[in-house]
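Residue numbers (my numbering): 75 to 543.
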Ligand code: MN
Ligand code: MN
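#1: Closer than 8 Å: is that where the CB of residue 187 sits relative to any heavy atom of ligand 2?
#2: Just to confirm the assignment: which complete beta strand (DSSP E) runs, minimum length 3, are found wholly within the segment 367 to 434?
#3: Go through its chain and collect everything with a Cβ distance to residue 484's Cβ below 7 Å, but skip five positions before and after it.
#4: Label residue 488 either buried or exposed according to how many other C-beta atoms from any shown protein chain fall within 10 Å of its C-beta, with 16 as the threshold for buried.
#5: Please state whether the Cβ-Cβ distance between residue 460 and residue 506 is less than 9 Å.
#6: Ends of the alpha helix (DSSP H) at residue 26?
#7: Could you give the distance in angstroms between the alpha-carbon of residue 285 and the alpha-carbon of residue 197?
#8: Helix, strand or coil: which one does DSSP assign to residue 165?
#9: Express the C-alpha separation of residue 122 and residue 288 in angstroms, rounding to a whole number.
#10: Assuming residue 500 and residue 389 are in contact, meaning their beta carbons sit under 8 Å apart, how far apart are those beta carbons, in whole angstroms?
#11: Can you find a heavy atom of ligand 2 that lies under 8 Å from the Cβ of residue 514?
#12: For residue 349, report the span of its alpha helix (DSSP H) as first-last.
#13: What is the DSSP secondary structure of residue 192, reduced to helix, strand or coil?
#14: For residue 343 versus residue 515, is the C-beta distance shorter than 9 Å?
#15: Going by Cα to Cα distance, which pick from 509, 338, 438 is closest to residue 117?
#16: With contact counted as at least three CB pairs below 8 Å, one residue from each stretch, are the segment 345 to 362 and the segment 166 to 185 in contact?
#17: Where does residue 145 land, buried or exposed, given buried means 16+ other C-beta within 10 angstroms?
#18: With DSSP run on the structure shown, which of helix, strand or coil describes residue 478?
#19: Three-state secondary structure (DSSP) at residue 209?
#20: Determine the closest residue to residue 299 out of 241, 315, 318, 269, with distance taken between C-alpha atoms.
#21: Closer than 9 Å, CB to CB, is residue 479 near chain B or not?
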C-alpha cells in the first residue's frame, strides 16, 4: 500500500505553502545568526544616511573598491563606487558581458523616519532649553515621547568648515528626550485621537535645564546649552541654519526573544536591505552582468531631492557606463533588471485585521517578493510583470533561497510606496524584494535573522546568476 492517498498526492502536486525556515531547515538558524552579527554592527555605525554612506565606504575600501573614474577602462571583476553628495552611494562590479546587455540593479534606501531639527531649533521656556523638530517620514508621533534620543548630523560654520555632530551614542554621553504627560493628568490628552497623542509641535526635545550664571542674559539656560555645544563643536546658534541634524533613538541593535531569533533596532527600514545588498555587492566575483548597487536617500519623503531616486543621478551613472563602451543608453536600460530592495509589513497576530493572511508576509518565512505596493487600487505602484516575477522566483529557487510574497496590508487598509516606480520609469523591469518587518517606522523595529539572511542570499543569487532577460 502506498504511503500517500491519491488526495494527498494531488494536494502536494497542485497546492503550495511557504515553509517556516526553522521548521524546514533548522541548520539555517546558526548561519543566519552569524551573518546578522555584521548587520548589527552596521546598524550601530549608520543611524543617518551620511553615516551609512561612510560605513559602506569603509567596507568597500577594505574590499578593494576604488572611486569610479569615467576616464579609466575597467575589466570584468573590477570594483568601483561613486558617492552622491555624501548621502547616497552607487557601487559596481564590472561583468563579463558588455554593459549593452543590461546592468543588474539592486537599490535600497538608507534614510529612515526620524525627527529633524528645525533650521532655528533652540529656545527656552520656564528655565528649560529645547530643540524644535520637524518629523521626517511617516512616524506615529506618540511613539517618540520618552524615548532616549541621540543627536547626529553636520553643521557648517561661517568659515566653511564642517562640524560632524554625534551626541548620545558613546557610553558616557548624555542623551535627549521628549517629555509626555503622567497618566494622572492625561485625562484630556487621552481623549485625543491617536495620531494627535503627541502633536507635531509637541515633539520638543529637552536639551538642558541649568542657566548660564549671569543675570543680564535673556535666555540663560539656552545659552549654557549653546556654550557646551560651542565648546564641543565650535558651532554657534546661526550655524543651525546651515546644518542637517537628525534626532534618532539611542538604542543599539540587540537580539530580541529568548531564542534570539529577532533583531530589534532603529532604522531597519531600510538599512536591512542596504546591508544585505552591500554584502552581496562586495562578494560578487566576476558576475555576468555589470552590477549597480544603490544605497539611496530620501525614500521616506517620496524619493525627492537630488540624493533621492526621483532625481537623475542613477540615469546619469548608467549613461556614463554606456558611453564608456559606446553603447546606446536606451538599449542598456531596456535590457536591465532591478530589485527594489525594501521592506514589507510582517503579519502581526495582535493586529491581524489589517492583513489578508493569504497574501501577507510572515517572519521566518524568508525574504518577501512584493509584486505591487501603492494604495487605493494599486495607485502609485510599480506592479511588476508576471515575466519579472517568474524570473526572480526561478532565480531564488535555483539557489535555495527561502522566499514568500507579501502585500502591504489588506486592500484599502492603507498603503505605501518604494523606489521601484522611479527605476521602472527608466524602462527597467523592476520588482520589490526585502525583509518583513514588525513595528515598521517605530523607534525600535523588529526583523527575523532568518529573513535577513535569506534576503542577502536572494541578492547574492541575483548578482551571481545575472538573471537572463
Ligand atoms: Mn523602506
Ligand atoms: Mn519606510
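Note that the Cβ used here is the ideal one computed from N, Cα and C, for glycine as well.
The structure displayed is predicted, hence computed values, not measured ones.
Let's see:
#1: Within the chain shown, the letter at position 113 stands for residue 187. Residue 187: yes, Cβ under 8 Å from ligand 2.
#2: 411 to 415
#3: The residue you call residue 484 lines up with position 410 of the chain shown. Cβ within range, chain order: 428, 429, 430.
#4: Here residue 488 is taken as the residue at index 414 of the chain shown, counted from 1. Under this definition residue 488 is an exposed residue.
#5: Counting from one through the chain shown, the residue named residue 460 turns up at place 386. Counting from one through the chain shown, the residue named residue 506 turns up at place 432. The answer is no: Cβ separation not under 9 Å.
#6: Look at the range of the chain in this structure, 75 to 543, and you will see that residue 26 is not part of it.
#7: Residue numbering aside, residue 285 sits at position 211 when the chain shown is read from its first letter. Residue numbering aside, residue 197 sits at position 123 when the chain shown is read from its first letter. Rounded to whole angstroms, residue 285 to residue 197 spans 13 Å at the Cα level.
#8: Residue 165 sits at position 91 when you count from the first residue of the chain shown. Looking at residue 165 - three-state DSSP - the assignment turns out to be strand.
#9: Taking the chain shown and counting its residues from 1, one reaches residue 288 at position 214. Taking the chain shown and counting its residues from 1, one reaches residue 122 at position 48. Going by the C-alpha atoms only, they are around 37 Å apart.
#10: Position 426 of the chain shown, counted from the start, is the residue given in the question as residue 500. Position 315 of the chain shown, counted from the start, is the residue given in the question as residue 389. The Cβ separation is near 6 Å, so the contact holds.
#11: Here residue 514 is taken as the residue at index 440 of the chain shown, counted from 1. Yes, Cβ of residue 514 sits closer than 8 Å to a heavy atom of ligand 2.
#12: On the chain shown, position 275 is the one that residue 349 refers to. Looking at the DSSP string, the run of the alpha helix (DSSP H) that includes residue 349 is 342 to 357.
#13: Counting from 1 along the chain shown, the entry for residue 192 is found at position 118. Of the three classes helix, strand and coil, the one that applies to residue 192 here is strand, per DSSP.
#14: Start at 1 with the first residue of the chain shown, and residue 343 comes out as number 269. Start at 1 with the first residue of the chain shown, and residue 515 comes out as number 441. Yes.
#15: For the purposes of this step, residue 117 is taken as the residue at position 43 of the chain shown. If we check each option's Cα against that of residue 117, 338 comes out closest.
#16: yes
#17: As a first step, residue 145 must be located in the chain shown, where it is residue number 71. That one is exposed.
#18: Start at 1 with the first residue of the chain shown, and residue 478 comes out as number 404. In the structure shown, residue 478 sits in a strand (DSSP, three-state: E or B).
#19: Within the chain shown, numbered from 1, the residue matching residue 209 stands at position 135. Three-state DSSP puts residue 209 in a strand.
#20: Along the chain shown, one-based indexing puts residue 299 at 225. Of 241, 315, 318, 269, the residue nearest in Cα terms is 241.
#21: No chain B is present in this structure, which holds just one protein chain.
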